[in-house]
Structures are given as C-alpha cells and as structure tokens.
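Here's the structure, in structure tokens; my notes come after.
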Amino acid sequence: MNSSQHSSNEVPPPALHSRLPAVGTTVFTRMSMLAAQADAVNLGQGFPDFPCDRSLIDAVTGAMQADCNQYPPMSGVPALRAAIAAKIATLYGQQYGIDDITITAGATEGLTTAILCCVHPGDEVIVIEPVYDSYVPAITLAGGTAVCVQMDMRASGYTVPWAKVAAAVTSRTRLIVINTPHNPTGSILRGSDMHALSDIVRGTNILVLSDEVYEHMVYDGQRHESVCRHPELAARAFVVSSFGKTYHVTGWKVGYVAAPPALTAEFRKVHQYNVFSVNTPMQHGIASYMDDPQPYLQLPAFYQRKRDLFRAGLAASRFELLPADGTYFQCVRYEKISTQTEAAFAEWLTSEIKVAAIPVSAFYRHGIESGIVRFCFAKQDATLALALARLATL
Ligand code: PMP
Ligand code: GLN
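According to this note's numbering, the sequence shown is numbered sequentially starting from 115.
Structure representation (structure tokens):
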C-alpha cells in the first residue's frame, strides 16, 4: 500500500494545539442525548416543544416565494433593523438608528462577535457565575481572561454582588458581561443593579455586553431592565437579543446586536468575515411579523401561566422552588431528595425518573455544587403534566 492509499484512520493529521483545551460537548447537547436515550421528558435544554405562530412561517415562506433568497446586506435586512430600532425605542426609550443594529446568526454569534471585536490578549472580562456557557470560550478565543464573580444565593434568590464586581475591576478590565433575565437562575436585574453597574463603569474604558435574549420573559408585572433604558450604559454597551426565544424558533438562529456607531463599526468588521450575513427570507419574514407587537407583549402572560403551572405541580414534592422572575427556567433545590452531585442527580433524574434537567454546576467554571438543577418549562401543558406526574413522586 503506498501512502496515498492510507485511510484517514491510519495516518493521523498533524498535531493540533487546541485553542479551547478545556472545552467538551455542551451540557445541553449531552443532556438532550441522554434524555433521548432514556426516553425521558426533556426539561433540560432550553427550547419550546410547541410550534411557532403559523403566520410567522407564512411570512418567511412568502419571502422565499417572493424570491428574497440572495445575500442580504451584511448588517441585515433594513426593514428588520428598522423594526428592531422602533421596538427598542417604544419599549425602552433608547433611539438607535438602523445603522446601530446588526442582525446576527443567533445571539451566540452576536455575543462571540462582540467579545472578539473588543477583547485583546491580556484583557480581562468580568462575567457573573453561574455563567451562560458560550461566554468564557469566546473570551478565551479572543485571548482574554475571564474573571468570574459569583452571584450571592439567598432565600430571596440569586443576586449580583456589585461590591465584588467593583473589586474585580483592574486596569486590564475591558468588558463586563451581564445577562438579564438570567440563564440558568431565572433571576432578573433591577434598576438598582443598573445604577450599581453604572457607578462601576463611569469614568473608565470598560464596555458592557448585555445578553437580553429573555427580554420578553419577565413575570409578576415586573419590567425588563434593559441596558437600553439607561443611556449612560447604552452609550458603552452591546445589547444582544434573539428571535429564537421570543418567537419560539430557537432553530432559526436569528438574533441582533444594538450598539452605538463606534462599537457597531468594530462589531461589523468581525461579523462580516465570520458569517458575513444572516439568511434572507427569515429576516424579511420576521420583519413583517414584527408589525404586530402582540406576540412579544403577550409572552410574559403566556410563560407566567406555564411557570405557575409547573411550580404548583412541584409544590407538594420535596423539591424546593427558587424564585423564577424571568426566563423559561425554574431552578430547584433537591437536598431533601438526594445528596448526589448535581450532574449525578440530573443524570439519575433523566435515566430513572425519566425527566431531564440541567445541573447548575455546569454554569460554574470550577463546577461549584449548590444542590440545584434547572428545569425548562417552555413546554406544552401535556408535556409539563407528564413531567410533573413523575417529579411529584419524589
Ligand atoms: N444567551 C443565553 C443566556 C441563552 O440562554 C441562549 C440560548 N439558550 C443564547 C444566548 C443563545 O441564543 P441563540 O440561540 O439565539 O444563539
Ligand atoms: N441556551 C439553551 C439553554 O440554556 C441551549 C442552547 C444550546 O443548546 N446551546 O438550554
């Protein structure tokens, strides 16, 4: 056999020095696979198990039929950017021009692009733990160092300890990443949090990256405290959101980033050589669907009912419910049920009780154990009922 006949199994590729040596397959993928193997109800990975609005599909297919199938502008379809700017102005009072908004391949690309465009080797980025899984790898890819500040956990829920955030600031701090409503804890930031953050960054060169993908899932009449409500913060912020969450289409991967012109200019330099542009018919379809604000204005009531149904179903179990002010996640403490680690408990729940959950320890760099797992309640009532029937036995 000459060398050209070797199969790829016999000739290893040249050695690769991993840029992300600590990274494996995400906890969401692993738990979804385990749920499928175990034939469990999947309350792990966050996605709805019900369809999106038919008229949204009609709007997108209409755009395809109308031959809107070639590259859109690199920054996104103007009608969609205009609709987003109008929504932000109406809801949060911040005036962005359509040139301050970029359509991204989901929030994930928006977050990574924002980090890549402003973080240099040696820079520090403050993140709040528990932290969504994509932030730290993106910081690592940029050559930056993630500085983790852990949330405080009290009976009233998770809160951000701003004094610790302030203490973590150094001359190398380039960016602070926040997420409200917060995955996985379901906590929300309030006006006082935004004022504390403003106090920390005022007079510094620190930028803010605000992940607001759950902006339309805030409950009990509370308001979403967008960075866009705070001009002082918005002036130094990338604000990220995702249609996947708002319109029940997580698989479409369309999101956006709003930022002032100087930040948007740098953002687009990275965006244009990463994805260049995001698929055209979805953008046209979403733009026309946004004419009606009701779908996102009604989302809090829609999900609050599911949250309450899920919480009521667990009330008689030995799970202890943590507050759930926002997102479509409910965290529960399980210390009265088991002494297992969170990962072991989530796996046991999946394979034995047939309900998948996500261990919150997966959102800590050093796997801190709090005896808490996360359930996703973005499910049909029948799915929730089946899960609750199983969980209520515990
Ligand atoms: N940020 C947070 C906090 C999320 O929970 C998610 C998705 N679950 C994302 C970003 C990514 O959103 P997208 O699917 O639009 O990339
Ligand atoms: N963000 C979703 C969650 O928290 C999952 C997204 C993913 O699978 N990457 O469950």
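Every residue gets a Cβ at the ideal spot worked out from N, C-alpha and C, and that includes glycine.
In terms of Cβ geometry, Y333 and D439 form a close pair [threshold 8 angstroms]. In the DSSP assignment, the residues bridged to R447 are E434, I486. For T378, the enclosing alpha helix (DSSP H) stretches over residues 375-386.
Taking every protein chain shown into account, the CB of L303 has 16 or more other CB atoms within 10 angstroms, so this residue is buried.
For I215, the enclosing beta strand (DSSP E) stretches over residues 215-218. The residues M265, T299, S301, in chain order, have a CB closer than 6 angstroms to that of Y272 in the same chain once the five nearest residues on each side in sequence are set aside.
With respect to the C-alpha of T441, the residue from I482, I400, G358 having the closest C-alpha is G358. L323 is bridged by DSSP to V291, F352. Per DSSP, I229 has no beta bridge partner at all. Straight-line measurement puts the Cα of E339 at about 6 angstroms from the Cα of G305. Taking 8 angstroms as the cut-off, the beta carbon of Y370 is found no closer than this to the beta carbon of T226. Short note on A476: C-beta not closer than 7 angstroms to any heavy atom of ligand 1.
Listed in chain order, the non-local C-beta contacts of E243 below 6 angstroms within the same chain comprise C262, Q264, Y478, local neighbours out to five positions each way being set aside.
If you look at G271, you'll find it in the beta strand (DSSP E) that goes 271-273. Per DSSP, reduced to three states, the secondary structure at R343 is helical. F443 sits away from G220, with the two beta carbons spaced by 8 angstroms or more. T453 sits in coil when the DSSP states are folded into three classes, being neither helix nor strand.
If you check the C-beta of T294 against ligand 2, you find no heavy atom less than 7 angstroms away.
Inter-residue distance for I212 and Y387 is about 21 angstroms (C-alpha atoms, whole angstroms).
As computed with DSSP, Y370 is found in a beta bridge with I217, S355. By the neighbour-count definition (other C-beta atoms within 10 Å, threshold 16), V125 is an exposed residue. In the three-state scheme derived from DSSP, where H, G and I count as helix and E and B as strand, P473 is classed as strand. Note that the segment 280-295 does not touch the segment 163-182; fewer than 3 beta-carbon pairs, one per stretch, sit closer than 8 angstroms. T318 counts as exposed, since fewer than 16 other C-beta atoms from the protein chains shown sit within 10 angstroms of its C-beta. Looking at H480, A260, P345, A457, the one whose alpha-carbon comes closest to that of V239 is A260. The DSSP-derived three-state label of T259 is strand. Within the same chain, Cβ atoms closer than 6 angstroms to the Cβ of P437 are found at G271, the five residues on either side in sequence being excluded.
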